[in-house]
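*Asks:* Below are the structure tokens for one structure; questions will follow.
Protein chains: 2
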Amino acid sequence: MRKIAESTVRRLSLYLRFLEKFEQEGIATVSSQALAERGGTTSAQVRKDLSFFGSFGKRGLGYSVPELSRTLRDILGLERPYNVAVIGAGKIGTALVQYPGFANRGFHIRWVYDRDPRKIGVSCNHLKIRDVAQMEAELAEAKVDIAILATPADGAQGITDRLVAIGVKAILNFAPVQLDVPADVSVQHVNMALELETLSYALRNR
Amino acid sequence: MRKIAESTVRRLSLYLRFLEKFEQEGIATVSSQALAERGGTTSAQVRKDLSFFGSFGKRGLGYSVPELSRTLRDILGLERPYNVAVIGAGKIGTALVQYPGFANRGFHIRWVYDRDPRKIGVSCNHLKIRDVAQMEAELAEAKVDIAILATPADGAQGITDRLVAIGVKAILNFAPVQLDVPADVSVQHVNMALELETLSYALRNR
Chain E
41 MRKIAESTVR RLSLYLRFLE KFEQEGIATV SSQALAERGG TTSAQVRKDL SFFGSFGKRG
101 LGYSVPELSR TLRDILGLER PYNVAVIGAG KIGTALVQYP GFANRGFHIR WVYDRDPRKI
161 GVSCNHLKIR DVAQMEAELA EAKVDIAILA TPADGAQGIT DRLVAIGVKA ILNFAPVQLD
221 VPADVSVQHV NMALELETLS YALRNR
Chain A
41 MRKIAESTVR RLSLYLRFLE KFEQEGIATV SSQALAERGG TTSAQVRKDL SFFGSFGKRG
101 LGYSVPELSR TLRDILGLER PYNVAVIGAG KIGTALVQYP GFANRGFHIR WVYDRDPRKI
161 GVSCNHLKIR DVAQMEAELA EAKVDIAILA TPADGAQGIT DRLVAIGVKA ILNFAPVQLD
221 VPADVSVQHV NMALELETLS YALRNR
């Protein structure tokens with residue numbers, strides 16, 4: 041499969057959200073125009089995005105909602121569940137553990153780690169906070185698909201190296217630091233100040 | 041100025057971070073190669089990104105660190121401070137109020153609102169949580185540049201309409217819902233499940 045841009049992957053995720061809503065409402069077909077309106081883009085962009093993955097729509101009839109949903113779920117890797125470990129049980133980490141939107145997309149948070157003795161053993165949304173010193177011992181045999189890094193900046197690279205050593209291939213990074221990882225490990229960096237900067241850019245260039 | 045893609049704006053933010061670190065370290069010039077390595081991209085991409093805004097680099101000498109920093113701060117609208125209001129004092133809202141990375145980029149959270157009587161009046165990082173019923177009365181005369189929406193999905197559109205009515209032109213949306221806004225209002229949607237889906241896509245298509 042051709043490598044596609046991250047911005048395309050993000051739009052596919054948005055299309056899938058609308059398609060799933062249409063499925064629930066029993067809508068059988070949808071036009072590229074309708075998807076474009078919901079996704080804040082153009083129908084030409086929708087057709088281009090979907091053409092990466094073969095041809096779906098029928099001229100004049102639009103896309104089959106269940107067929108396109110299934111295909112997008114497959115493309116996005118959502119036809120299987122993922123085991124997720126959260127490292128760092130601070131404000132962000134615990135908010136994520138309690139976020140209901142993950143499990144219903146198949147992302148199951150099964151472990152949460154911290155280094156603070158006052159937090160270790162405390163329950164957080166039915167999960168006991170574990171001691172990060174035990175992380176390798178506990179996770180070496182487990183199949184961790186994705187790690188969410190919600191530690192302060194100073195410990196982030198060290199934890200990353202330890203996660204890579206036990207075979208984790210995907211990291212969602214909330215720590216305000218760029219991570220060094222081998223080429224076969226994917227990192228997605230969530231940077232709140234950067235989100236605000238896309239808005240200050242928009243305000244500046246109105 | 042030409043409209044540039046959001047992915048370009050994001051890279052400019054990343055370049056600026058590295059440039060500011062170089063400034064602190066007293067480094068006077070930087071090559072596009074060095075910026076590319078830090079930003080996880082190619083030197084050709086760096087040169088293309090910066091060429092949008094005129095020509096900076098000198099062949100063989102690289103970019104002047106203070107000059108390029110100043111220009112990027114100007115392009116990104118960071119030469120002025122922004123007044124920010126947070127709506128919703130739940131886990132995400134209070135984590136954001138306490139996040140130190142905003143104020144040092146010029147994003148000053150000055151107000152935090154909630155509808156829960158148990159939260160109203162409580163202090164959160166030196167800010168008193170205010171009653172959202174009073175929002176228009178209190179903010180109509182204030183200059184709110186950016187609102188951060190951290191409410192549940194159900195109330196998000198209603199709050200958005202009220203923010204738009206008092207003249208807010210930029211919204212960072214954490215609520216899991218697409219917002220309808222007039223064309224002159226910018227919305228940046230932070231969607232945690234979507235961040236994970238860019239990783240499941242990467243795992244699926246390795």
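Going line by line, the protein sequences match chains E and A.
Counting in our numbering, the first sequence runs from 41 upward without gaps.
Counting in our numbering, the second sequence runs from 41 upward without gaps.
We put the beta carbon where it would ideally sit given N, CA and C, even for glycine.
Could you compute how far the alpha carbon of Gly146(E) sits from the alpha carbon of Thr82(E)?
*Replies:* On the first sequence, residue 146(E) is found 106 positions in, with the first residue counted as 1. On the first sequence, residue 82(E) is found 42 positions in, with the first residue counted as 1. Their backbone Cα atoms lie some 29 Å apart in a straight line.
*Asks:* Thinking just about the alpha-carbon of each residue, which of Gly141(A), Arg50(A), Ala196(A) is nearest to the one in Leu116(A)?
*Replies:* What you label residue 116(A) is simply residue 76 of the second sequence in a count that begins at 1. Selected option, being the one with the closest Cα: Arg50(A).
*Asks:* Let me know the secondary structure DSSP gives Leu168(A) once reduced to three states.
*Replies:* Taking the first residue of the second sequence as 1, we reach residue 168(A) at position 128. The sequence shown places Lys at residue 168(A), rather than the Leu named in the question. Reduced to three states, the DSSP call for Lys168(A) is strand.
*Asks:* Contact between the segment 165-175 of chain A and the segment 212-224 of chain E is defined here as three or more beta-carbon pairs at a separation below 8 Å; is this criterion met?
*Replies:* Touching, no, given that fewer than three Cβ pairs across the two stretches are closer than 8 Å.
*Asks:* Looking at the secondary structure, which residues open and close the alpha helix (DSSP H) in which Phe147(A) lies?
*Replies:* In the second sequence, counting from the first residue as 1, residue 147(A) sits at position 107. Careful: Phe147(A) lies outside any alpha helix (DSSP H), inside the beta strand (DSSP E) at 147-154.
*Asks:* Taking Leu236(A) as the reference, give the member of Phe62(E), Thr48(E), Ala187(E) with the closest Cα.
*Replies:* For the purposes of this step, residue 236(A) is taken as the residue at position 196 of the second sequence. Closest by alpha carbon: Ala187(E).
*Asks:* Check whether the Cβ atoms of Leu212(E) and Val184(E) lie closer than 8 Å to each other.
*Replies:* The residue you call residue 212(E) lines up with position 172 of the first sequence. The residue you call residue 184(E) lines up with position 144 of the first sequence. Going by C-beta atoms, Leu212(E) is not nearer than 8 Å to Val184(E).
*Asks:* Near Gln138(E), which residues of its chain fall below 7 Å by C-beta distance, leaving aside the five closest residues on each side in sequence?
*Replies:* Here residue 138(E) corresponds to residue number 98 of the first sequence, with the count starting at 1. Excluding positions up to five away in sequence, the list reads Asn165.
*Asks:* Answer yes or no: does any C-beta atom of chain E fall closer than 8 Å to that of Pro222(A)?
*Replies:* As a position in the second sequence, residue 222(A) is number 182, starting the count at 1. Not an interface residue.
*Asks:* Mind checking if Gly141(A) is an interface residue toward chain E, Cβ cutoff 8 Å exclusive?
*Replies:* Reading the second sequence from its first residue, position 101 is the one you call residue 141(A). Output row for Gly141(A): interface = yes.
*Asks:* I need the straight-line Cα distance from Ile149(A) to Ala182(A), nearest angstrom please.
*Replies:* As a working mapping, residue 149(A) is identified with position 109 in the second sequence. As a working mapping, residue 182(A) is identified with position 142 in the second sequence. Cα-Cα distance, rounded: 13 Å.
*Asks:* To which residues does DSSP link Ser71(A) through a beta bridge?
*Replies:* One-based indexing of the second sequence puts residue 71(A) at position 31. DSSP, once it has assigned bridges, lists no residue as partnering Ser71(A).
*Asks:* Does any C-beta atom of chain E lie closer than 8 Å to the C-beta of Asp89(A)?
*Replies:* Against the second sequence, residue 89(A) aligns to sequence position 49. No - not a single Cβ of chain E is within 8 Å of the one on Asp89(A).
*Asks:* Which runs of the alpha helix (DSSP H) spanning at least 4 residues fall entirely within the segment 71-141 of chain A, listed in chain order?
*Replies:* The qualifying runs are 72-79, 83-91, 105-115, 131-137.
*Asks:* Please say whether Leu112(A) and Leu59(A) have beta carbons closer to each other than 8 Å?
*Replies:* Working through the second sequence from its first residue, we reach residue 59(A) at position 19. Working through the second sequence from its first residue, we reach residue 112(A) at position 72. It is a contact, given that the beta carbons lie within the stated cut-off.
*Asks:* Between Tyr103(A) and Val152(A), is the Cβ-Cβ spacing less than 8 Å?
*Replies:* For the purposes of this step, residue 103(A) is taken as residue 63 along the second sequence, with counting starting at 1. For the purposes of this step, residue 152(A) is taken as residue 112 along the second sequence, with counting starting at 1. Not closer than 8 Å, so no.
*Asks:* Shorter than 8 Å from the beta carbon of Gln138(E) to some beta carbon of chain A?
*Replies:* Position 98 of the first sequence, counted from the start, is the residue given in the question as residue 138(E). Yes, Gln138(E) lies at the interface with chain A (some Cβ there is under 8 Å from its Cβ).
*Asks:* Quick one: what's got a C-beta closer than 8 Å to Ile67(E)'s C-beta in the same chain, skipping five residues either side?
*Replies:* Numbered from 1 along the first sequence, position 27 holds the residue referred to as residue 67(E). Only Val105 meet the Cβ criterion.
*Asks:* So which of Tyr55(E), Gly198(E), Phe93(E), Thr238(E) has the shortest CA-CA distance to Val217(E)?
*Replies:* For the purposes of this step, residue 217(E) is taken as residue 177 along the first sequence, with counting starting at 1. Of the listed residues, the one whose Cα sits closest to Val217(E) is Gly198(E).
*Asks:* Look up Leu189(E) in the DSSP assignment and give the residues it is bridged to.
*Replies:* In the first sequence, counting from the first residue as 1, residue 189(E) sits at position 149. DSSP output for Leu189(E) lists Ile127(E), Asn213(E) as bridge partner(s).
*Asks:* Could you check if Ser240(A) is buried or exposed, using at least 16 other CB atoms within 10 Å of its CB as the buried criterion?
*Replies:* On the second sequence, position 200 is the one that residue 240(A) refers to. Per the 10 Å Cβ criterion, buried.
*Asks:* Using 8 Å as the limit for Cβ to Cβ distance, is Leu234(E) near chain A?
*Replies:* Position 194 of the first sequence, counted from the first residue, corresponds to residue 234(E). Interface residue, yes.
*Asks:* What does Ile132(E) reach in chain A if we use C-beta pairs closer than 7 Å?
*Replies:* Indexing the first sequence from 1 puts residue 132(E) at position 92. Here the neighbours are Ala135.
*Asks:* List, in order along the chain, the chain A residues whose C-beta lies closer than 9 Å to that of Asp185(E)?
*Replies:* The count along the first sequence starts at 1 and reaches residue 185(E) at position 145. Within chain A, the residues near Asp185(E) are Leu239, Ser240, Leu243.
*Asks:* Along chain E, which residues have their Cβ under 7 Å away from the Cβ of Pro216(A)?
*Replies:* Numbered from its first residue, the second sequence carries residue 216(A) at position 176. Going along chain E in sequence order, the residues near Pro216(A) (Cβ under 7 Å) are Gly141.
*Asks:* DSSP three-state call for Gln174(A): helix, strand or coil?
*Replies:* Translated into the one-based positions of the second sequence, residue 174(A) becomes position 134. Gln174(A) falls in the helix class under three-state DSSP.
*Asks:* Using C-beta distances below 6 Å, list every residue in its chain close to Val86(A), excluding the 5 sequence neighbours before and after it, in chain order.
*Replies:* Sequence index remark: in the second sequence, residue 86(A) carries index 46 (1-based). Only Ser72, Leu75, Ala76 meet the Cβ criterion.
*Asks:* Give the range of the beta strand (DSSP E) segment to which Gln218(A) is assigned.
*Replies:* Along the second sequence, one-based indexing puts residue 218(A) at 178. Segment: none, Gln218(A) is in no beta strand (DSSP E) and carries neither H nor E.
*Asks:* Could you tell me the distance, in whole angstroms, from the CA atom of Lys209(E) to the CA atom of Val227(E)?
*Replies:* Here residue 209(E) refers to the residue found at position 169 of the first sequence. Here residue 227(E) refers to the residue found at position 187 of the first sequence. So the two alpha carbons sit approximately 8 Å from each other.
*Asks:* What residue range is occupied by the uninterrupted alpha helix (DSSP H) comprising Val49(A)?
*Replies:* By one-based count along the second sequence, residue 49(A) stands at place 9. Counting along the chain, the alpha helix (DSSP H) containing Val49(A) begins and ends at 46-64.
*Asks:* Report yes if the CB atom of Val124(A) is closer than 8 Å to the CB atom of Gly133(A), and no otherwise.
*Replies:* On the second sequence, position 84 is the one that residue 124(A) refers to. On the second sequence, position 93 is the one that residue 133(A) refers to. It is not a contact, given that the beta carbons lie outside the stated cut-off.
*Asks:* Looking only at its own chain, which residues have a Cβ that is under 6 Å from the Cβ of Thr48(E), when we skip the five neighbours before and after it?
*Replies:* Position 8 of the first sequence, counting from 1, holds the residue named residue 48(E). Closer than 6 Å at Cβ, skipping near neighbours: Asp89.
*Asks:* Would a check of beta-carbon distances place Gly128(E) closer than 8 Å to chain A?
*Replies:* Along the first sequence, one-based indexing puts residue 128(E) at 88. No, Gly128(E) does not count as interfacial toward chain A.
*Asks:* Go ahead and label Leu56(A) buried or exposed: buried means 16 or more other beta carbons lie within 10 angstroms of its beta carbon, across all protein chains shown.
*Replies:* Along the second sequence, read from residue 1 onward, the residue named residue 56(A) stands at position 16. So Leu56(A) counts as buried.
*Asks:* Quick one, which of Leu54(A), Ala242(A), Glu46(A), Arg246(A) has its alpha-carbon nearest Ser109(A)'s?
*Replies:* Taking the second sequence and counting its residues from 1, the one referred to as residue 109(A) is at position 69. The shortest C-alpha separation from Ser109(A) is found at Leu54(A).
*Asks:* Determine the closest residue to Phe142(E) out of Leu234(A), Arg155(A), Ala129(A), Glu63(A), with distance taken between C-alpha atoms.
*Replies:* Residue numbering aside, residue 142(E) sits at position 102 when the first sequence is read from its first letter. Considering only alpha carbons, the answer is Leu234(A).
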